[in-house]
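Notes follow once the structure below has been shown.
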Amino acid sequence: MASVAEWIEGARLRTLPAAISPVLAGAGIAAFEGGLSPIRTILAALVALALQVGVNFANDYSDGVRGTDAVRVGPQRLVGSGAARPSQVKAAAFACFGLAACFGLVLVALAGQWWLIAVGIACVLAAWYYTGGKHPYGYLGLGEVFVFVFFGLVATVGTTYVQIGRAPWPTWAVATAMGAIACQVLVCNNLRDIANDMAVGKRTLETRLGDRGSRLFYTALAVIAVLMVVIAAAGTTWWGLGGLAMLFFLIPATRHVLGGVQGIAL
18 MASVAEWIEG ARLRTLPAAI SPVLAGAGIA AFEGGLSPIR TILAALVALA
68 LQVGVNFAND YSDGVRGTDA VRVGPQRLVG SGAARPSQVK AAAFACFGLA
118 ACFGLVLVAL AGQWWLIAVG IACVLAAWYY TGGKHPYGYL GLGEVFVFVF
168 FGLVATVGTT YVQIGRAPWP TWAVATAMGA IACQVLVCNN LRDIANDMAV
218 GKRTLETRLG DRGSRLFYTA LAVIAVLMVV IAAAGTTWWG LGGLAMLFFL
268 IPATRHVLGG VQGIAL
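Counted the way this note's numbering counts, the sequence shown spans residues 18 to 283.
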């Protein structure tokens, strides 16, 4: 039976900043427009966090039952390492999706935008079928599309929309920046796992781009993120350039990746 520490590791808490950042960015736009709602921001954050942990557990379960986590370079997985039964991890994933749905319903009710329920359903389905189902799209090189759309555009634009009832164009620029950064996390993880993924037939974008191509793609995403922050600031307030504080992390991380580090160092 998995220990509490193993469950916490399985939740992959290091991925949570990528989930919460777009919510904060979307709330920032809402604040600039004079419509910030702390309650709705908190609810949006809870939805994002629950979905992220749910995705992590779902990925652990699906990869584990397929045997693609048998040999891992990165952090141990619950199912792949045998620490937890597949049914337990699957239940944890759906419990997180259920929490996300509950928080989401409250948020939709407060916003009075019931059509957003369809967006929520799409989020959960996309989260599960990333590595779940018979033909997971994460195995077809489409994982970055999912991350960009749902942890970039939907999370950022959605947070702004449920507060002010619209999404000004700077919101989309910020959302693009957030999506690019979220994609960087996935690129880094998949770059680390290229050899194992190729061995088990998991055709991620990184196995298609190759080592060098993936590192250049990571760099391009960093450039896109910076440009989008500048564009968003130009359309709102130059205080928005405070978002460039991410350069303190982006520059060393990009140097790290371009430097050719391998394996667990990624």
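All C-beta atoms in this analysis are idealised placements derived from N, C-alpha and C, irrespective of residue type, glycine included.
When you compare the CB positions of A19 and A144, do they come within less than 8 Å of one another, or not?
Contact flag unset, no.
Three-state secondary structure (DSSP) of P310:
With the chain represented from 18 up to 283, any question about residue 310 goes unanswered, as that position is not in the structure.
Once you ignore the five residues that flank A118 on each side, which residues in its own chain have a CB closer than 8 Å to its CB?
The residues are G137 and V141.
Segment limits, alpha helix (DSSP H) that includes T58:
P55 to R83 is the extent of the alpha helix (DSSP H) around T58.
Contacts around V64, its chain only, beta-carbon distance under 7 Å, and the 5 residues preceding and following it disregarded:
Within the same chain, V64 has close Cβ partners A117, F120, G121 and L124.
Hey, could you find the ends of the alpha helix (DSSP H) R232 is sitting in?
Segment L222 to G252, the alpha helix (DSSP H) holding R232.
Buried or exposed, going by whether 16 or more other CB atoms sit within 10 Å of the CB of W132?
Exposed is the call here.
Just the Cα atoms here: how many angstroms apart are G149 and N76?
G149 and N76: Cα-Cα distance of roughly 7 Å.
Under DSSP, the alpha helix (DSSP H) around Q105 begins and ends at which residues?
From DSSP, the alpha helix (DSSP H) with Q105 extends over P103 to A128.
Can you tell me the Cα-Cα spacing of A242 and M263, whole angstroms?
In a straight line, the C-alpha of A242 is about 9 Å away from that of M263.
How many angstroms separate the CA atom of I289 from the CA atom of K219?
The structure shown has nothing for residue 289, since the chain only spans 18 to 283.
Which of helix, strand or coil DSSP assigns to A262:
Under the three-state reduction of DSSP, A262 is assigned to helix.
Do L170 and A57 have their beta-carbon atoms positioned less than 8 Å apart in this structure?
According to the sequence provided, residue 57 is Arg. The question's Ala does not apply to it. Between R57 and L170, the C-beta spacing is not below 8 Å.
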